[in-house]
Structure formats: structure tokens, C-alpha cells
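Notes follow the structure.
In the numbering used here, the protein residues as written are 8 to 225.
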């Protein structure tokens, strides 16, 4: 009986299987790398703003407290953007004619708020309460990085689920007394973990509940 397939058919069949399997593996690896890359997470990206605001100048060089502009961070679920009147409380006296501040002056004149763009925006399916974290003693720099060194604000961390869980599983080393939450240069005296454990007990932070699904997904 004549052979249906040539002698080389087996080799080509094996090569096809290898190609399909290798291609699937390559797609999986590329997808995994892409999902964790800065391109996907937005980490280290700088978002265009209506005014090129420098945290390094305001928070670092001038020493303006975070809460002067973000006044709701200690209580509200979201860190608010400052209203134009906050900006003009200073810039009605200094840099009054700076071209880069024209959008701020126009905002005040037209009574139209500036449309700031979120840098650290979380997905809608994530529940996050800014005030809860501040009251627990999580410093601004823990999530946002050293903003006092950033000429333009960028996203310091990925804010992916794994990143959040690293802290929720072991919050003690990342906590500080509430009065130092906005202090970018704060360093603990003594053992930081021991301090964090005392703060957890003081504020009633139950570490066992921080990793429950409903804590962040409601």
C-alpha cells in the first residue's frame, strides 16, 4: 500500500507542534512582562497637567506641607486637588505675571476650576480610602515617593494588587506616628518594626483583616 505521507511528514509535524507550543509560550511570556511593565502600570510616567506644578519647589525648597494644598487627605476617601484660590493665596503676591501661571489666573477670573489630571488613579473596582491610611500612620512617601524631589509629579509605584498586598500583609515597618505622616525626611528612632507594631496596637489595626477580599473590593 502506498504511503499517504512522505518520509519528511513526521519531521514537519513535529516542527509544527514545536512552533505552536513555542509561540503560545512566547505570547504568554510577552503578555506577562507587558502586564508588569511601566507601559501597562503607568509607573514612572509623568502626566501632562494644565500647569507644570513642581512639588520639588513647593514641598521641597519652600517646605509647604502637603495638607496646605491637599486639605482633605486626613479624612476624605480621595486626596483633593487644591482649588484655584489656594494657588492664588500665594501667586497673587509672587510670580504674578509668570506666563506659565496664566491658566491659574484665567481660572480665577472665569471662576472655572483647573482640570488637574490624576497621576495615581486606581481602577473603579478598587476601594481605597485615603483618610484611613493617613490616620493609620502611612506616610505620604510610602505610596507617592519623595515628591519633594520631583520637578514634575510622576507615579512612583505600580499600585498593582501585589504591591498593595506587600504592605497589607506586613504593615508594621511602613507605619509612623501621625504627626510625621507628611514629613518626607522622617526617620524612626530605634527599631522601626517595633514602633510599627506599637502603632498597630495603639490604633487598633488588625493585620489579619487587611488581606480579606472585601477590604479593597466592595
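Beta carbons: idealized from backbone N, C-alpha and C, even for Gly. The structure presented is a predicted model; accordingly, all values stated were derived computationally and were not measured.
Apart from the 5 residues on each side of it in sequence, residue 72 sits with its Cβ closer than 7 Å to the Cβ of 189 in its chain, given in chain order. By the neighbour-count criterion, in which a residue is buried when 16 or more other Cβ atoms sit within 10 angstroms of its Cβ, residue 182 is buried. Residue pairing from DSSP places residue 145 in a beta bridge opposite 182. The beta carbons of residue 191 and residue 154 sit closer together than 9 Å. Counting the other CB atoms within 10 Å of its CB gives residue 148 a total of 16 or more, which places it among the buried residues. Fully enclosed alpha helix (DSSP H) runs of no fewer than 4 residues occupy 91 to 98, 109 to 117 of the segment 88 to 124, in order along the chain.
Annotation: the continuous alpha helix (DSSP H) that includes residue 75 extends over 73 to 76.
Residue 141 sits buried, since 16 or more C-beta atoms from the chains shown fall within 10 Å of its C-beta. The alpha-carbon of residue 223 is positioned some 9 Å away from that of residue 217.
About 5 Å separates the beta carbons of residue 86 and residue 137, which is inside the 8 Å limit, making them a contact pair. With a threshold of 16 other beta carbon atoms within 10 Å, residue 29 falls short and is exposed.
Apart from the 5 residues on each side of it in sequence, residue 212 sits with its Cβ closer than 7 Å to the Cβ of 143, 178 in its chain, given in chain order. Annotated three-state conformation of residue 205 is helix, per DSSP. Three or more beta-carbon pairs separated by less than 8 Å are not found between the segment 194 to 203 and the segment 167 to 174, which leaves the two stretches without contact. By the neighbour-count criterion, in which a residue is buried when 16 or more other Cβ atoms sit within 10 angstroms of its Cβ, residue 103 is exposed. Counting C-beta atoms within 10 angstroms of its own C-beta, residue 114 has 16 or more neighbours from the protein chains shown and is therefore classed as buried.
Judged by their CB atoms, residue 187 and residue 152 are not nearer to each other than the 9 Å cut-off.
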